[in-house]
Amino acid sequence: MSELSIPDSWSELEMTKLCEVQNGQTPKGLPEKLIEGNVPFIKVSDMNSKGNEVEICKTPIQLGVGSIEKFKIKIIDKPSIIFPKNGGALLTNKKRKLLITGAIDTNIMCLIPPIEIYDYFWNWFKTVDFKQFASGSAVPKISLNDIKDIYVPIPPLGEQKRIVKKTELCFEIINSIEVNLNRAEALIEKYRESLLAKAFRGELVPQDPNDEPASELIKSIIVERSKTKNNAKLKETEEETEAEDLDQPFNIPNSWLSLNFADLVYLRARIGWKGLKAEEYTKTGPRFLSVREFKPDGNIDYESSAHISQARFDESPEIMLKENDVLLCKDGSTIGKVTIVKNLKEPTTVNSSIAVMTPFKGVSADYLFYYLKAPLFQTLVQSRIQGAAIPHIFQKDLRALFIPLPPSKEQERIAKKLDVMFEAINSLKNQIEIKRETITKLKEAILFKAFEGRLVEQIPSEGTGHELLERILKEKQSQEANKAKTKTTKTKEPVKKPQTTSISNHREKVVTLMDIIEYFKKNPEGEITSDLLTELGYHSNHDSVEKFYIEIRELINSKKLILRDIQENGLKVGSSYRYRTK
Numbered sequence: 001m002s003e004l005s006i007p008d009s010w011s012e013l014e015m016t017k018l019c020e021v022q023n024g025q026t027p028k029g030l031p032e033k034l035i036e037g038n039v040p041f042i043k044v045s046d047m048n049s050k051g052n053e054v055e056i057c058k059t060p061i062q063l064g065v066g067s068i069e070k071f072k073i074k075i076i077d078k079p080s081i082i083f084p085k086n087g088g089a090l091l092t093n094k095k096r097k098l099l100i101t102g103a104i105d106t107n108i109m110c111l112i113p114p115i116e117i118y119d120y121f122w123n124w125f126k127t128v129d130f131k132q133f134a135s136g137s138a139v140p141k142i143s144l145n146d147i148k149d150i151y152v153p154i155p156p157l158g159e160q161k162r163i164v165k166k167t168e169l170c171f172e173i174i175n176s177i178e179v180n181l182n183r184a185e186a187l188i189e190k191y192r193e194s195l196l197a198k199a200f201r202g203e204l205v206p207q208d209p210n211d212e213p214a215s216e217l218i219k220s221i222i223v224e225r226s227k228t229k230n231n232a233k234l235k236e237t238e239e240e241t242e243a244e245d246l247d248q249p250f251n252i253p254n255s256w257l258s259l260n261f262a263d264l265v266y267l268r269a270r271i272g273w274k275g276l277k278a279e280e281y282t283k284t285g286p287r288f289l290s291v292r293e294f295k296p297d298g299n300i301d302y303e304s305s306a307h308i309s310q311a312r313f314d315e316s317p318e319i320m321l322k323e324n325d326v327l328l329c330k331d332g333s334t335i336g337k338v339t340i341v342k343n344l345k346e347p348t349t350v351n352s353s354i355a356v357m358t359p360f361k362g363v364s365a366d367y368l369f370y371y372l373k374a375p376l377f378q379t380l381v382q383s384r385i386q387g388a389a390i391p392h393i394f395q396k397d398l399r400a401l402f403i404p405l406p407p408s409k410e411q412e413r414i415a416k417k418l419d420v421m422f423e424a425i426n427s428l429k430n431q432i433e434i435k436r437e438t439i440t441k442l443k444e445a446i447l448f449k450a451f452e453g454r455l456v457e458q459i460p461s462e463g464t465g466h467e468l469l470e471r472i473l474k475e476k477q478s479q480e481a482n483k484a485k486t487k488t489t490k491t492k493e494p495v496k497k498p499q500t501t502s503i504s505n506h507r508e509k510v511v512t513l514m515d516i517i518e519y520f521k522k523n524p525e526g527e528i529t530s531d532l533l534t535e536l537g538y539h540s541n542h543d544s545v546e547k548f549y550i551e552i553r554e555l556i557n558s559k560k561l562i563l564r565d566i567q568e569n570g571l572k573v574g575s576s577y578r579y580r581t582k
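Structure, rendered in structure tokens:
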């Protein structure tokens with residue numbers, strides 16, 4: 001037995017003994033996209049698609065009878081739960097309902113719990129943390145052996161229903177709070193973008209007529225830029241930038257200038273690393289920054305960065321960082337990410353994905369940092385990389401980009417104003433994250449109480465989980481015995497003439513439990529002939545058949561469909577039959 005803390009009236013059983021377990025398959029030659037029928041072939045990536053957040057509804061591969069037979073694909077036609085069993089996705093604890101007939105690929109595992117406890121099992125299963133059970137290999141994975149010791153607590157059926165109802169009610173309230181937090185975060189982001197947009201149109205702080213205009217400031221900048229270019233040590237890393245007409249996206253104050261980056265910053269980056277390999281990283285020595293160390297608030301996590309040898313550091317003096325250098329990611333999925341060098345305590349350099357910008361005298365590093373974060377600049381960057389297979393922006397393109405230059409003192413006022421505003425914004429974001437963490441813990445606490453028997457009351461008249469489990473296991477044994485008997489006693493029977501129905505038009509199809517359910521969902525007033533249902537194995541009595549399909553329709557309409565009730569009325573779950581329509 002397990003160490004579950006549960007009431008005496010509850011039972012427990014290993015999950016793999018309670019559920020039918022199925023592994024997926026990835027047939028050789030199966031197309032990446034296929035719309036042939038209505039049976040989804042599910043990959044791990046499909047769990048991230050919009051609309052599939054809880055229940056799998058649609059996938060790029062929709063199998064039909066032909067592809068199912070051609071590739072010998074195993075079909076899941078009972079309500080089940082699927083989850084990744086290989087790779088990093090396993091550690092995200094993704095779990096999805098599969099309530100329609102489907103198939104899964106080799107990276108997914110499927111659990112088919114007893115139908116009468118499906119909703120309860122789904123809620124309990126959300127508490128399972130796969131990180132505790134994944135094998136310790138380089139690529140995380142789970143096998144049947146890894147999860148064989150997971151026990152499911154089993155209360156009486158009535159109590160299960162109350163647990164499900166109570167947890168769903170609690171989660172409905174919590175989810176509404178999460179929606180509001182997401183809305184608040186979106187509003188904060190819009191406010192942040194509007195502040196940056198106003199700042200670089202000259203609308204955030206007032207202009208002071210006593211400030212020296214940018215037209216005078218640029219004269220001193222030109223002198224310093226010439227000195228930088230004449231520095232032989234740095235000249236070899238400076239690419240020449242062709243003159244380019246500025247695409248000024250808006251009007252700026254008269255005291256400002258529209259310039260290129262090449263006019264205002266010394267920009268450089270490493271081209272490769274002269275054969276540096278990860279094995280050469282050291283435990284001590286100069287710091288070696290990557291984009292991973294760029295924190296969301298604009299700071300740098302120096303402590304998480306790698307070290308390299310002093311000899312490797314000395315090879316590239318042009319990218320040895322200094323206080324107030326501004327760093328921009330110019331490659332990959334994080335292109336456009338920006339940070340500023342503050343509190344530099346150790347010799348530090350950067351990898352080849354990072355461009356280093358040193359503003360010339362008279363250009364505020366903080367002003368430059370905020371401009372690089374602004375939607376205006378980020379849009380300019382994206383316009384230069386569209387269509388590239390691997391996102392990348394060249395140094396010559398960066399040098400040619402537009403930057404508005406206010407007077408030096410106004411730059412400082414803009415940066416200080418944004419410092420104050422962003423501190424408030426970051427505080428609000430932190431509060432939202434704290435609330436999210438609280439919500440996560442609250443959900444965990446609700447589920448923890450629910451499956452220890454402390455969320456709803458126990459009612460002795462409902463019986464016990466022991467009695468329920470005994471009945472479930474007997475039914476399971478009976479089904480397995482019937483299945484085995486069918487295999488050994490199967491004989492050839494004359495082919496019956498296909499029946500007529502109104503479910504679809506002019507084609508042959510496989511009828512399953514899910515077909516009937518989906519038909520009534522789409523056609524609440526539709527009908528299936530009693531002759532067809534009789535042929536499919538239901539009661540031959542006409543009244544019983546009529547009552548049966550009417551009850552299905554009513555249950556679906558009221559969203560109270562319990563498949564155990566269907567089974568008891570004669571439906572052979574999992575069986576399939578062919579019929580020809582009108």
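Here the UniProt record's numbering is used: the first residue of the sequence shown is 1, the next is one more, and so on.
Heads up, the beta-carbon is just placed ideally off N, CA and C, and yes, glycines get one too.
DSSP state of residue i mapped onto helix, strand, coil
| i | result |
| --- | --- |
| D331 | strand |
| I117 | helix |
| G453 | coil |
| K417 | helix |
| I150 | coil |
| L536 | The predicted position of L536 is uncertain, since its pLDDT is 47 and thus under 50; no value can be drawn from it. |
| T512 | Residue placement at T512 is flagged as unreliable, the pLDDT there being 48, under the threshold of 50; the coordinate-derived value follows with that caveat. Three-state result, T512: coil. |
| F83 | strand |
| C170 | helix |
| D543 | Any reading at D543 must be qualified, since the residue scores a pLDDT of 49, below 50, and its modelled position is unreliable; the value itself is stated next. Reduced to three states, the DSSP call for D543 is helix. |
| L276 | coil |
| R96 | strand |
| K141 | strand |
Rounded straight-line distance, which links the Cα of residue j to that of residue i
| i | j | result |
| --- | --- | --- |
| V326 | K50 | 37 Å |
| I112 | R96 | 12 Å |
| S80 | A89 | 19 Å |
| I154 | K161 | 12 Å |
| F369 | N93 | 37 Å |
| E185 | I432 | 7 Å |
| L183 | I82 | In the sequence as displayed, the identity of residue 183 is Arg instead of Leu. Approximately 30 Å between the Cα atoms of the pair. |
| I319 | I354 | 10 Å |
| F133 | E12 | 19 Å |
| T349 | L276 | 13 Å |
| I385 | Q62 | 34 Å |
| Y120 | G24 | 24 Å |
| I300 | S143 | 40 Å |
| I472 | F125 | 18 Å |
| D8 | L157 | 15 Å |
| L267 | D314 | 19 Å |
| T16 | E423 | 51 Å |
| N251 | Q207 | 15 Å |
| D565 | E32 | With a pLDDT of 43 at D565, under the threshold of 50, the modelled position of that residue is not reliable, and no figure is offered here. |
| K198 | L204 | 5 Å |
| N123 | K441 | 16 Å |
| K131 | N86 | 12 Å |
| L4 | I163 | 17 Å |
Bridge partner(s) assigned by DSSP for residue i
| i | result |
| --- | --- |
| Y367 | Answer by DSSP bridge pairing: none, since Y367 is not bridged. |
| G102 | I76 |
| Y302 | Per DSSP, none; premise fails for Y302. |
| L257 | L405 |
| Q22 | C110 |
| M357 | L267 and V326 |
Within-9 Å CB hit, residue i to chain D
| i | result |
| --- | --- |
| N182 | In the displayed structure, chain D is absent; only one protein chain is listed. |
Endpoints, beta strand (DSSP E) assigned at residue i
| i | result |
| --- | --- |
| S11 | S11 to E14 |
| R268 | V265 to A269 |
| K283 | T282 to L289 |
Start-to-end residues for the alpha helix (DSSP H) that takes in residue i
| i | result |
| --- | --- |
| I61 | Segment I61 to L63 is the beta strand (DSSP E) holding I61; no alpha helix (DSSP H) there. |
| T379 | P375 to I385 |
| A311 | Q310 to D314 |
| D46 | First-last for D46: undefined, no H or E at that position. |
| R399 | Q395 to R399 |
Margin query: So, does the stretch 391-406 touch the stretch 249-263, judging by three or more C-beta pairs under 8 Å?
Written below: yes
Margin query: Check whether the stretch 433-448 and the stretch 139-149 are in contact - that is, three or more C-beta pairs closer than 8 Å.
Written below: no
Notebook entry, point to check: Is it a yes or a no for the stretch 36-48 touching the stretch 66-81, going by three-plus beta-carbon pairs under 8 Å?
Noted result: The stretch 36-48 is in contact with the stretch 66-81.
Next item on the list: Would you check if the stretch 158-178 and the stretch 339-346 touch, i.e. whether three or more CB-CB distances between them fall below 8 Å?
Entry: no
Margin query: Can you confirm whether the stretch 280-287 touches the stretch 374-384 when touching is taken to mean that 3 or more C-beta pairs between the two stretches lie within less than 8 Å?
Written below: Between the stretch 374-384 and the stretch 280-287 there are fewer than three inter-stretch CB-CB distances shorter than 8 Å, so the stretches are not counted as touching.
Notebook entry, point to check: Counting pairs of Cβ atoms below 8 Å between the stretch 28-35 and the stretch 43-57, do you hit three or more?
Noted result: Counting Cβ pairs under 8 Å, fewer than three are found: no touch.
Item checked: the stretch 361-375 contacting the stretch 405-422, beta-carbon criterion three pairs below 8 Å -> yes
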